[in-house]
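Worksheet for the structure shown next.
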Amino acid sequence: FTGLWTAYYVNQLDPHRSIAILESEFVGFGASGRNGGWVSALFPAYFTALARATSRDAARRMHQAMVTNISDLGRVASTHNWKIDWAHGGTVIAARSDLQNERALADVREFVDWGFPEDLSYLTAKQAQNRINATDVVGGTFTPHCAAIDPYKLVQELSAFLHARGIAIYEGTRVLSIEPGKAQTPSATVHATDIIRATEGYTKTLRGEKRSFAPVYSLMVATEPLSANVCAEIGLGERETFSDYRNLVIYGQRTADNRIAFGGRGAPYHFNSRISADQDTNESVHTELRATLTQMFPVLKNATFTHAWGGPLGIARDWWASCKYDPTTGIGSSGGYVGDGLGTAHLGGRTLAHLITETESELTTLPWVNHHSRKWEPEPLRWLGANLGLQVMQRADSHEERTGKTSRSAAYLARMLGH
9 FTGLWTAYYV
19 NQLDPHRSIA
29 ILESEFVGFG
39 ASGRNGGWVS
49 ALFPAYFTAL
59 ARATSRDAAR
69 RMHQAMVTNI
79 SDLGRVASTH
89 NWKIDWAHGG
99 TVIAARSDLQ
109 NERALADVRE
119 FVDWGFPEDL
129 SYLTAKQAQN
139 RINATDVVGG
149 TFTPHCAAID
159 PYKLVQELSA
169 FLHARGIAIY
179 EGTRVLSIEP
189 GKAQTPSATV
199 HATDIIRATE
209 GYTKTLRGEK
219 RSFAPVYSLM
229 VATEPLSANV
239 CAEIGLGERE
249 TFSDYRNLVI
259 YGQRTADNRI
269 AFGGRGAPYH
279 FNSRISADQD
289 TNESVHTELR
299 ATLTQMFPVL
309 KNATFTHAWG
319 GPLGIARDWW
329 ASCKYDPTTG
339 IGSSGGYVGD
349 GLGTAHLGGR
359 TLAHLITETE
369 SELTTLPWVN
379 HHSRKWEPEP
389 LRWLGANLGL
399 QVMQRADSHE
409 ERTGKTSRSA
419 AYLARMLGH
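For the sequence shown, my numbering gives the first residue as 9, with consecutive numbering after it.
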């Protein structure tokens with residue numbers, strides 16, 4: 009989405025500028041067409057990490073921008089009458105053990121401490137179950153700041169709009185490298201005043217960028233369309249996106265056609281940042297996702313799971329997303345979204361457009377603008393570190409379920425990541 013939104017907003021600000029998009033496969037091939045459909049206010053670096061690197065005020069402004077960004081994206085879609093299955097129902101995160109409930113309460117306290125008490129509310133067990141009727145719910149949290157959409161429908165609507173505006177999208181055109189003023193493809197050199205790298209989890213395929221982001225796979229499954237009775241049993245009546253407070257990330261939504269689309273981490277990082285189509289599916293992880301969802305909602309035990317897929321997302325070494333533009337070279341980028349990219353890519357594209365066109369705005373002063381993350385370690389250290397972190401979180405959930413005690417290793421890893 010980053011490239012599409014950058015093109016959209018540059019065109020809005022400077023309609024006479026010539027714009028072209030070079031796409032290696034087809035529009036929506038990457039995370040834009042495969043994600044869980046959360047337009048959220050989540051930013052990979054948390055309040056404390058942002059404030060530590062910048063200031064408390066900057067951290068607050070980043071959060072406020074992410075919140076406003078949701079309505080901004082929705083307004084664009086509404087203005088153009090795009091059919092993207094938009095439902096601004098918020099996010100409910102269930103606490104399904106006493107330890108998870110402690111995390112929920114800690115999250116609420118953090119938002120109060122940062123001056124945003126209205127942005128995250130604690131839910132009692134009954135209140136949480138009224139929104140998400142999962143098993144073992146003892147509490148939870150709710151934020152109004154998330155919309156569920158069909159991301160591929162947004163890809164189609166946005167790309168069609170750009171095409172109608174005369175913006176060329178060259179599919180099947182892989183870029184091998186970029187440098188000031190030009191992008192090299194296998195068959196030609198494309199010259200441009202400004203070049204935006206919008207490659208996220210596929211950034212390692214560009215010359216010299218292998219250690220910029222770690223491509224980590226997130227996988228998803230989806231059920232058949234569910235009956236009204238099954239949907240009523242599950243809840244999510246306002247199409248709230250949902251998760252719980254376990255250590256290993258899960259995420260889901262009830263789609264407009266009443267499927268449950270559900271995903272999570274669990275797939276390993278592949279040595280040397282390898283990306284390939286065969287890694288888009290992992291039967292053991294997909295089996296675990298189906299089991300996890302059925303355990304949360306036993307009413308799904310007889311439901312058919314019709315789809316399973318996955319793809320790489322991009323993670324910077326310090327867990328920051330960044331939006332960068334150098335006016336002396338004309339090269340810019342936005343990425344490192346860590347799975348929070350559906351909304352953040354919109355903010356990134358809009359911000360890049362302001363930077364490119366020298367439009368003064370609050371967006372260009374946000375702390376992620378021109379933030380530089382250090383490179384990932386060379387192999388095998390990158391492989392060892394990434395997969396060790398995954399194993400820590402997997403074992404932490406097992407340990408906590410078995411003992412009822414917090415995993416010290418998971419808590420330590422979270423502190424290291426600034427969470």
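Backbone N, C-alpha and C define an ideal beta-carbon position, used for all residues, glycine too.
Note that this is a predicted model, so its numbers are computed, not measured.
Gly-44 and His-171 have their C-alpha atoms some 26 Å from each other.
In this structure, DSSP gives Gly-349 a helical state, which the three-state scheme calls helix. The Cβ atoms of Leu-363 and Tyr-333 lie closer than 8 Å to each other.
Cβ-Cβ separation between Gly-318 and Asp-106: approximately 32 Å, too far for a contact (criterion under 8 Å). Between Arg-64 and Trp-376, the alpha-carbon positions lie close to 14 Å from each other. Taking C-beta atoms under 8 Å as the contact rule, Arg-262 and Arg-247 qualify, at a distance of about 5 Å.
Cα atoms of Thr-372 and Gly-347: separation of roughly 23 Å, rounded to the nearest angstrom. About 14 Å separates the Cβ atoms of Arg-111 and Val-145, ruling out a contact at the 8 Å cut-off. Of all C-beta pairs linking the stretch 335-346 to the stretch 208-221, three or more are shorter than 8 Å, placing the two stretches in contact. Partner residues in the beta bridge of Phe-250, as assigned by DSSP, are Val-100 and Gly-260. Counting C-beta atoms within 10 angstroms of its own C-beta, Gln-108 has 16 or more neighbours from the protein chains shown and is therefore classed as buried. Taking 8 Å as the upper bound for CB-CB distance, Tyr-17 and Gly-357 are in contact here, some 6 Å apart. Scanning its chain for C-beta atoms nearer than 8 Å, with the 5 sequence neighbours on each side dropped, one finds around Ile-78 the residues Val-47, Ser-48, Ala-49, His-96, His-153, Cys-154, Ala-155 and Gly-351, in chain order. Residue pairing by DSSP places Gln-192 opposite Ser-185 and Thr-197 in a beta bridge.
Counted as a single uninterrupted DSSP element, the stretch harbouring His-407 is not any beta strand (DSSP E) but the alpha helix (DSSP H) occupying residues 389-411. Annotation for Pro-386: Arg-219 place their beta carbon closer than 8 Å to its own, counting only its chain and skipping 5 residues before and after. For the pair Asn-255 and Asp-405, the CB atoms are nearer than the 8 Å cut-off.
Non-local C-beta neighbours of Ser-381 in its own chain, meaning closer than 6 Å and more than five positions away in sequence, comprise Ala-324, Arg-325, Asp-326 and Trp-328, ordered along the chain. For secondary structure counted as the beta strand (DSSP E) over 3 or more consecutive residues, the stretch 91-144 holds these complete runs in sequence order: 99-103 and 129-132. Residue burial annotation: Gly-123 is exposed, with fewer than 16 other C-beta atoms found within 10 angstroms of its C-beta.
Under the criterion of beta carbons closer than 8 Å, Thr-193 and Arg-205 do not qualify as touching, at roughly 14 Å. Excluding sequence positions up to five before and after Asn-138, its CB lies within less than 8 Å of the CB of Gly-243, all in the same chain and listed in chain order. From the listed residues Phe-279, Asp-265, Trp-13 and Thr-295, the smallest Cα separation to Gly-271 is found for Thr-295. In this structure, Val-307 places its C-beta atom within 8 Å of the C-beta atom of Val-238. Between Tyr-225 and Trp-391, the C-beta gap is not smaller than 8 Å, which leaves the two residues out of contact. When the five nearest sequence neighbours on each side are left out, the beta carbons in the same chain lying within less than 8 Å of the beta carbon of Thr-143 are those of Arg-104, Gln-303, Met-304, Phe-305 and Pro-306, in order along the chain.
For Gly-209, the CB contacts under 8 Å within the same chain, skipping 5 residues up- and downstream, are Gly-38, Ala-39, Phe-221, Pro-223, Val-224, Ile-283, Gly-319, Pro-320, Leu-321 and Gly-322 in chain order. A direct Cα-Cα distance of roughly 9 Å separates Glu-366 from Pro-335. Annotation: the stretch 305-381 contains the following complete segments of the beta strand (DSSP E) (minimum length 3 residues), in chain order: 313-323, 330-334 and 339-343.
In the DSSP assignment, Leu-227 is bridged to Gly-272 and Gly-318. Contact check for Phe-34 against Glu-179 passes: the beta carbons are separated by less than 8 Å.
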